[in-house]
Amino acid sequence: MRITLNLSYVADFVSLLFPQLCPACGNELVAHEKVICTDCQYNLPQTNFHLINDNIVARQFWGKINLNAAYSLYYFTKGGKVQNLMHHFKYKGMSQIGNMLGRIAGSQLAANATFASVDYIIPVPLHKSRLKERGYNQSACFAEGLAEKLKGTVEENNLIRIRATQTQTHRSRFERFENMQEVFAVKNPQKLKDKHVLLVDDIVTTGSTLEACAIPLLEIDGLKLSIATIAYAE
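The numbers in UniProt numbering rise by one with no breaks, and the one at position 54 of the sequence shown is 54.
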């Protein structure tokens with residue numbers, strides 16, 4: 001006798017035994033919710049920096065590097081939901097978080113004339129040892145989501161990390177800056193000549209990593225540079 005199983009019943013049974021939880025708030029995801037619950041999608045602390053040219057992130061780089069625009073999707077606070085989200089994204093193998101947040105951010109940036117003119121989206125690269133350990137580059141996941149909403153294409157292997165660095169956590173602003181000196185290089189600068197590049201990372205704090213990436217990029221003739229991150233941490 002053949003027993004026919006309704007796939008929706010099977011899915012319901014599996015979710016009962018192994019409920020999917022929102023990585024931001026920890027609540028169980030209900031039917032049709034994917035990755036992040038609906039409440040968190042609407043209520044995480046968005047910055048709206050795409051509406052403010054001289055926002056906090058942009059001001060961090062004044063007098064250091066020449067930027068067209070800068071943006072972060074969320075405010076990051078210790079112990080908050082965004083920190084929970086980023087922890088699952090970076091350390092719990094939930095790469096799909098980056099894609100989803102990229103689409104959310106991309107929808108905002110597509111309505112901004114400056115960001116809408118991006119030619120290439122370049123994620124901050126991981127050193128190969130860190131990439132092997134983590135299994136994916138979280139900034140590249142974010143970039144892929146952005147590219148679904150923006151016209152720019154992801155250029156992942158042009159900006160490279162030429163040496164590994166120690167974690168930036170618990171370092172002072174000056175120590176972070178020194179730690180990132182001469183870490184990045186561009187393999188094919190000609191491809192980026194006269195292009196608008198969007199440099200993306202997961203979190204911006206002091207901006208040392210993004211500044212170190214920007215230095216070799218801005219040596220390219222005619223290159224215009226903008227920055228986007230998932231979160232801004234004061």
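Glycine included, C-beta positions come from ideal geometry on N, C-alpha and C.
Between Pro-45 and the set Ala-31, Lys-81, Leu-51, the nearest pair of CA atoms involves Lys-81.
Annotation for Tyr-75: the continuous beta strand (DSSP E) segment containing it runs 69 to 76. With fewer than 16 other CB atoms across the displayed protein chains lying within 10 angstroms of its CB, Lys-92 is exposed. DSSP, read as helix, strand or coil, puts Tyr-136 in coil. If you check the CB distance, His-87 and Met-94 do not come in under 7 Å. A straight-line Cα-Cα distance of about 17 Å links Tyr-42 and Thr-77.
Rounded to the nearest whole angstrom, the C-alpha separation of Gly-222 and Gln-20 is 47 Å. CA-CA distance, Leu-199 to Pro-123, rounds to 6 Å. Counting C-beta atoms within 10 angstroms of its own C-beta, Leu-51 has fewer than 16 neighbours from the protein chains shown and is therefore classed as exposed. Nearest to Leu-225 by C-alpha distance, out of Glu-28, Glu-33, Ile-65, is Ile-65. In the DSSP secondary-structure assignment, Arg-161 is bridged to Phe-184.
If you check the CB distance, Ala-105 and Leu-73 come in under 7 Å. With contacts defined by Cβ atoms closer than 7 Å, Ala-24 and Leu-101 do not form a contacting pair. Shown here, Lys-90 sits in a helix according to DSSP, grouped into three states. Distance from the Cα of Asp-202 is smallest, within the candidate group Asp-54, Asn-99, Ser-107, Glu-28, for Asn-99.
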